[in-house]
Structures are given as C-alpha cells and as structure tokens.
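Asker: Okay, so the sequence shown: first residue is 78 according to the numbering used here, each after it adds one.
Positions of the beta carbon are idealized from the N, C-alpha and C atoms, including for glycine.
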Amino acid sequence: MGQPLKLAVVGAGLVGQRHIAAIGQVPGVELAAVVEPGPTNQSVPVFSSMDEMFDAADVDGVILSTPTLLHVEGASACIERGVPVLIEKPLATSADDAKEVVATAQAMGVPILVGHHRRHNPIIQKTAALIKEGAIGQVRAAQVTCWFYKPDDYFDVAPWRKKAGAGPISVNLVHDVDLMRHFLGEVVTVQAQSAPSLRGFENEDLAAAVLRFESGAVCTITVSDSVVSPWSWELTSREYPIYPATSESCYLIGGSQGALSIPDMRLWQHEGGTSWWNPIKATAMPVSSSDPLINQIAHFEDVIRGRCEPLVTGEEGLKTLQVVEAIQTSAQSETLIHLGFGSKETINAVG
Numbered sequence: 078m079g080q081p082l083k084l085a086v087v088g089a090g091l092v093g094q095r096h097i098a099a100i101g102q103v104p105g106v107e108l109a110a111v112v113e114p115g116p117t118n119q120s121v122p123v124f125s126s127m128d129e130m131f132d133a134a135d136v137d138g139v140i141l142s143t144p145t146l147l148h149v150e151g152a153s154a155c156i157e158r159g160v161p162v163l164i165e166k167p168l169a170t171s172a173d174d175a176k177e178v179v180a181t182a183q184a185m186g187v188p189i190l191v192g193h194h195r196r197h198n199p200i201i202q203k204t205a206a207l208i209k210e211g212a213i214g215q216v217r218a219a220q221v222t223c224w225f226y227k228p229d230d231y232f233d234v235a236p237w238r239k240k241a242g243a244g245p246i247s248v249n250l251v252h253d254v255d256l257m258r259h260f261l262g263e264v265v266t267v268q269a270q271s272a273p274s275l276r277g278f279e280n281e282d283l284a285a286a287v288l289r290f291e292s293g294a295v296c297t298i299t300v301s302d303s304v305v306s307p308w309s310w311e312l313t314s315r316e317y318p319i320y321p322a323t324s325e326s327c328y329l330i331g332g333s334q335g336a337l338s339i340p341d342m343r344l345w346q347h348e349g350g351t352s353w354w355n356p357i358k359a360t361a362m363p364v365s366s367s368d369p370l371i372n373q374i375a376h377f378e379d380v381i382r383g384r385c386e387p388l389v390t391g392e393e394g395l396k397t398l399q400v401v402e403a404i405q406t407s408a409q410s411e412t413l414i415h416l417g418f419g420s421k422e423t424i425n426a427v428g
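1. Counting Cβ pairs closer than 8 Å, one from the region 109 to 121 and one from the region 391 to 407, do we hit at least three?
2. For residue 293, count neighbouring C-beta atoms within 10 Å of its own C-beta (all shown protein chains included) and say buried if the count is 16 or more, exposed if not.
3. Got a sec? Which residues, its chain only, sit under 7 Å from residue 385 by beta carbon, not counting five neighbours each side?
4. Classify residue 338 as helix, strand or coil using the three-state DSSP reduction.
5. Please identify the residue among 364, 282 and 354 whose C-alpha is closest to the C-alpha of residue 227.
6. I'd like the list of long-range same chain contacts for residue 205, defined as Cβ closer than 7 Å, with 5 residues on each side in sequence excluded.
7. Measure the alpha-carbon distance for residue 423 versus residue 347 and round it to whole angstroms.
8. On the premise that residue 123 lies in contact with residue 83, defined as a C-beta separation below 8 Å, what is that separation, rounded to the nearest angstrom?
9. Going residue by residue through the region 235 to 323, where are the continuous alpha helix (DSSP H) segments of at least 4 residues, counting only ones entirely within it?
10. Where does residue 406 fall in DSSP's three states?
11. Can you give me the C-alpha to C-alpha distance between residue 420 and residue 284, rounded to a whole angstrom?
12. Which stretch, first to last residue, makes up the beta strand (DSSP E) that contains residue 415?
13. In chain order, what residues of the same chain have a beta carbon less than 7 Å from the beta carbon of residue 170, not counting five sequence neighbours either side?
14. Assuming the contact rule is C-beta atoms closer than 8 Å, residue 96 and residue 86 should be a hit. Round their C-beta distance to whole Å, please.
15. Hey, how far is the Cα of residue 409 from the Cα of residue 270?
16. Please report the residue range of the beta strand (DSSP E) in which residue 344 lies.
17. Leaving aside the five residues before and after residue 368 along the sequence, list all residues of the same chain whose C-beta is less than 8 Å from its C-beta, in chain order.
18. Can you tell me whether DSSP reads residue 181 as helix, strand or coil?
19. In terms of DSSP beta bridges, what is residue 223 paired with?
20. Hey, would you say residue 225 sits closer than 7 Å to residue 309, going by beta carbons?
21. Based on the DSSP output, what are the partners of residue 139 in its beta bridges?
22. Would you list, in sequence order, the uninterrupted beta strand (DSSP E) runs of no fewer than 3 residues that lie entirely inside the region 103 to 130?
23. In this structure, how does DSSP classify residue 190 when only helix, strand and coil are distinguished?
24. Below 8 Å on the Cβ atoms is my guess for residue 391 versus residue 168; work out the distance and round it to an integer in Å.
25. Going by the beta-carbon positions, is the gap between residue 138 and residue 213 smaller than 7 Å?
26. Express the C-alpha separation of residue 143 and residue 160 in angstroms, rounding to a whole number.
27. Could you spell out the range, first to last residue, of the beta strand (DSSP E) harbouring residue 330?
28. Quick one: measure Cβ to Cβ for residue 197 and residue 388, integer angstroms, because I've assumed they're closer than 8 Å.
29. CA-CA distance, residue 230 and residue 301?
30. Between the Cα of residue 181 and the Cα atoms of 274, 156, 126 and 272, which residue gives the shortest distance?
31. How far does the beta strand (DSSP E) with residue 359 in it reach, from first residue to last?
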C-alpha cells in the first residue's frame, strides 16, 4: 500500500469533525493538519489559515468543510498548489462561482470532488443499480420529502444559517436534488414555491418544486426545516446515529413495472400482470451497510493515487447547484425555469 496519504481538514465544525473521525477509519490515509481559526482540540498541528498550513505542512489532499461562502477561496488555494480537494456541498454560493472553480481545476488538471456523500451509501448505490437494470421499468415519477425541525440553538451557534441563501433549499435540499439527478438524469425544467421563515430569518423555511427530467420523468420535492416529521433522509437512513431512527421512507420512485421506497428498499410489483386489479406485494431488496463518509474518504484516497476518477466531480456538483439555483429563482420569480446544460446560457426564465 505504501505510505499513508496526508490529508488536511479545513474547518473543524460539525461536519469537519465527522471527516476527521472518518479519516481515522481508513488505513490508507492519515490526518496531517487542521485549519481552524477558533479553538479546537486536535492531536495534529492546527493552523489559523490555509496559507499558514501550506507553508508549514506537506499534504496530499484537502477536505474543505468551511461555510459555503469560503468554498471558492479555499478551493482556489488548493488548485493553485495542485492539491486535490474534496469540497463540501454545495460547491459554491452561486453557479457562476462554481463554474470558475470547475474551469480552473480542469485547466490545471487538479481533481476536485464534491461532498455529496450519500452517493457513497450502499443504499443509494443499490437503488441506482436497480433503476439502471430496469427493476421498475421506465421511471415515470419520483416523490421526495425532506421535512424536519431544526431547534433554535442550531441557528444561534452559527448565525450565518439565518441569512439569505442559507435556507433549507441550499443547505439540505441540495443533497436530495443530487440524488434525483443521480437516479433519473438531467433536469430540464423547474417550477417552485417557497415560504418565508416563521422565525423571522432572512431565508425561507419551506419550499416545494416540480422537476422535469430529460427522460420525461417528473419529481415532486418538498423541504422544510420547521416541520415536525419522521420523513427525511436523516431520520430514515440510519446514516448518522445522532438522529433518532424511524422505519419510514423519504423517497418514492415509480416506474411502468414497479416502484421503490427508499431507504427501506422495498420493491413493489403486481403479481400476475401489471394491473391495479392484481395483488401487489413488496420485496425487501438486500443491501449492505457501511458509513458513506468513510467510503468517501477511501474513494478520495483512490482518486489521489490515480486509481479512479471522482464519483462526484466538480461538474456534477455544478449541475446540482444549477438545479438548486433554479429552484430558488423560480420560487422568487414565480416562473418556469428551463435548464440547458451544455448551452452558453444555462438557466433561462420563461414567464
């Protein structure tokens, strides 16, 4: 295997601490440095800035888990030095900023990965495989529920979470949008509505959108961080023990031959022919269990060592961000948004 790769974590907050713990579970890597301007208790050198870290430490890769506003600056610092970087989602605060990061990385030949870690979950990988192999026939519709109640102290400890652009559309729904793109392909139109925060914050606390895909499939998706509910990935996937687990599902994907509920992984099909008159039964699909954050670090190692290409590239992160941005634009303007990936003008509003 050779010497372990030396990784640095920039931002030792809630997410950064999870990355630090995951690094400790992957044999091929080790934590070499942490960048955190505030107080933190680490067993490795801690620096107050990335420049200070790069001047003093030799690192093979960097994980950016800073607030989104700092992603472009941090990613640029890594790319300029030729250091592969894993950037927490969303890639940037705007699609335009994300485009610059992706273009620069491509020009410099530096790998960038985006932290849509759910794609590294065996549940998600099994779902994608079932859809690809035609287990539910042609996918026609999907339904996503992302409802939960964040307590007041969640916002008080990080006031930036109360600001415009830091609502559940960009902070939470970005994960679900990424997975729908992963399952169903590219989004071509978006229409959305949102509601202002009941707590008086600058951002929304409720939104709903209808996404149409190139395939013709339609997805309805809702998000709120002020609704008491068992229906969210956090409370259904058992991915992170800090959240209480429920036996519910938060994604439903329907096709011409069957339907899937996720993450309980039940495949619904009619017996004796596809008809609502015939009995329908659910088959539990077997799936393994492992921590997607640990899997993501192992994948990051493989990318740095040149064994594979990134699972979630900068381009993938950009496209997901463009859909999220379209949801925000549609909700604000009350218009249908057309997305033309690959065209000069990516997002166009149609009245």
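Answerer: Considering the structure as presented:
1. No, the region 109 to 121 does not touch the region 391 to 407.
2. exposed
3. Closer than 7 Å at the Cβ level, and outside the excluded window around residue 385, lie 379.
4. strand
5. Considering only alpha carbons, the answer is 282.
6. 259 and 260
7. Note that residue 423 has pLDDT 39, beneath the 50 cutoff, so the model's placement of it is unreliable and the number below is only indicative. Cα to Cα, residue 423 sits roughly 41 Å from residue 347.
8. At roughly 15 Å, the Cβ-Cβ gap does not stay under 8 Å, so residue 83 and residue 123 are not in contact.
9. The DSSP assignment places complete alpha helix (DSSP H) segments of no fewer than 4 residues inside the region 235 to 323 at 251 to 261 and 310 to 313, in order along the chain.
10. Of the three classes helix, strand and coil, the one that applies to residue 406 here is helix, per DSSP.
11. Note that residue 420 scores a pLDDT of 36, beneath 50, so its modelled location is shaky; the value from the coordinates is reported in the next line. Distance from the CA atom of residue 420 to the CA atom of residue 284, rounded to whole angstroms, is 28 Å.
12. From DSSP, the beta strand (DSSP E) with residue 415 extends over 413 to 416.
13. 145, 146 and 242
14. 5 Å
15. Taking the straight line joining both Cα atoms gives about 8 Å.
16. 343 to 347
17. For residue 368, where only same-chain residues beyond five positions count, the Cβ hits under 8 Å are 99, 102 and 316.
18. helix
19. 300
20. yes
21. 85 and 162
22. 106 to 112
23. strand
24. At roughly 7 Å, the Cβ-Cβ gap stays under 8 Å, so residue 391 and residue 168 are in contact.
25. Residue 213 sits away from residue 138, with the two beta carbons spaced by 7 Å or more.
26. 17 Å
27. 328 to 332
28. Approximately 7 Å separates the beta-carbon atoms of residue 197 and residue 388; this is inside 8 Å, confirming the contact.
29. 17 Å
30. 156
31. Where residue 359 is concerned, the enclosing beta strand (DSSP E) stretches over 357 to 361.
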